[in-house]
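Just add 55 to the spot in the sequence shown (first one is 1) and you have our numbering. For glycine and all other residues, C-beta sits at the position ideal for the given N, C-alpha and C. Model, not experiment: these values are computed from the prediction. Notes for the one structure printed next.
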Amino acid sequence: MMLIMFNLMFSLMFIFLKHPLSMGVILLLQTLIISMITGLMNNNFWFSYILFLIFIGGMLILFMYMTSIASNEMFSISKLMILLMMTLLTPLLWIFLKNYYQINFLNMNFENLFFHNHINFNLIKFYWYPNNLIMLILIFYLLLTLIASVKIINIKYGPIRQKF
């Protein structure tokens, strides 16, 4: 329910945006929220992970296109947008913290600040012994592909060269 409320809030924010890069950020956040919702509904995050990767690929293409078209356009945040975000985000966070973590805001002590009872350790399992070797291989592979892609692109003859 909370994720759907955040998605509606980002949809309202999207209406007031004018810069294409800020619209892309909102679209990226909405994609992340939708993939989280589908993962929670299916109890399996593989479909949502693939959906998120496909959207990220499309967003990278749109980002390259929009930065080539609107590269020198000034990016500014309106005060109306900040006020709208704060008025929508504050009650949502209040409801979320009060209902999900059962925090009594009037009688607050340090034990309530640590949410150790609600922590899900599924993500930590990737870094434990049998799986940590796979994660290290993936990190090393991503580092090598990053270095290879930087070496392939020549700065002088690259397609993203700026002309002054």
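Supposed contact pair Met91 and Leu58 - C-beta distance, whole angstroms, cut 8 Å:
Taking the sequence shown and counting its residues from 1, the one referred to as residue 58 is at position 3. Taking the sequence shown and counting its residues from 1, the one referred to as residue 91 is at position 36. Contact between Leu58 and Met91 holds: their C-beta atoms lie close to 6 Å from each other, under 8 Å.
In angstroms with no decimal places, state the Cα-to-Cα distance between Ser204 and Leu108.
Locating residue 204 in the sequence shown gives position 149, counting from the first residue. Locating residue 108 in the sequence shown gives position 53, counting from the first residue. Their Cα atoms are separated by approximately 19 Å.
If you draw a straight line from the C-alpha of Ile81 to the C-alpha of Asn99, how long is it?
For the purposes of this step, residue 81 is identified with residue 26 of the sequence shown, where counting begins at 1. For the purposes of this step, residue 99 is identified with residue 44 of the sequence shown, where counting begins at 1. Using only the alpha carbons, I get a separation of about 25 Å.
Taking CB distances under 9 Å as the criterion, tell me whether Ile111 reaches chain D.
Absent from the structure is chain D; it holds one protein chain and no more.
DSSP state of Asn98 mapped onto helix, strand, coil:
As a working mapping, residue 98 is identified with position 43 in the sequence shown. Reduced to three states, the DSSP call for Asn98 is coil.
The alpha helix (DSSP H) spanning Lys206 covers which residue range?
Residue mapping note: residue 206 aligns to position 151 of the sequence shown, counting from 1. Where Lys206 is concerned, the enclosing alpha helix (DSSP H) stretches over 184–207.
Is the segment 69–88 touching the segment 105–119 in the sense that three or more CB pairs, one from each, lie closer than 8 Å?
Contact between the segment 105–119 and the segment 69–88 is present, because at least three Cβ pairs lie under 8 Å.
Could you check which residue in Leu188, Leu199, Met121, Tyr104 has the C-alpha nearest to that of Gly79?
As a position in the sequence shown, residue 79 is number 24, starting the count at 1. Measuring C-alpha to C-alpha distances from Gly79 to each of Leu188, Leu199, Met121, Tyr104 identifies Met121 as the nearest.
From Asn186 to Ser133, what does the alpha carbon distance come to, in whole angstroms?
Taking the first residue of the sequence shown as position 1, residue 186 is located at position 131. Taking the first residue of the sequence shown as position 1, residue 133 is located at position 78. Going by the C-alpha atoms only, they are around 46 Å apart.
Is DSSP giving Leu135 helix, strand or coil here?
To locate residue 135, count along the sequence shown from 1; it is residue 80. Residue state, collapsed to three classes: helix.
Which of helix, strand or coil DSSP assigns to Met129
The residue labelled residue 129 in the question sits at position 74 within the sequence shown. Assigned with DSSP and collapsed to three states, Met129 falls in coil, not helix or strand.
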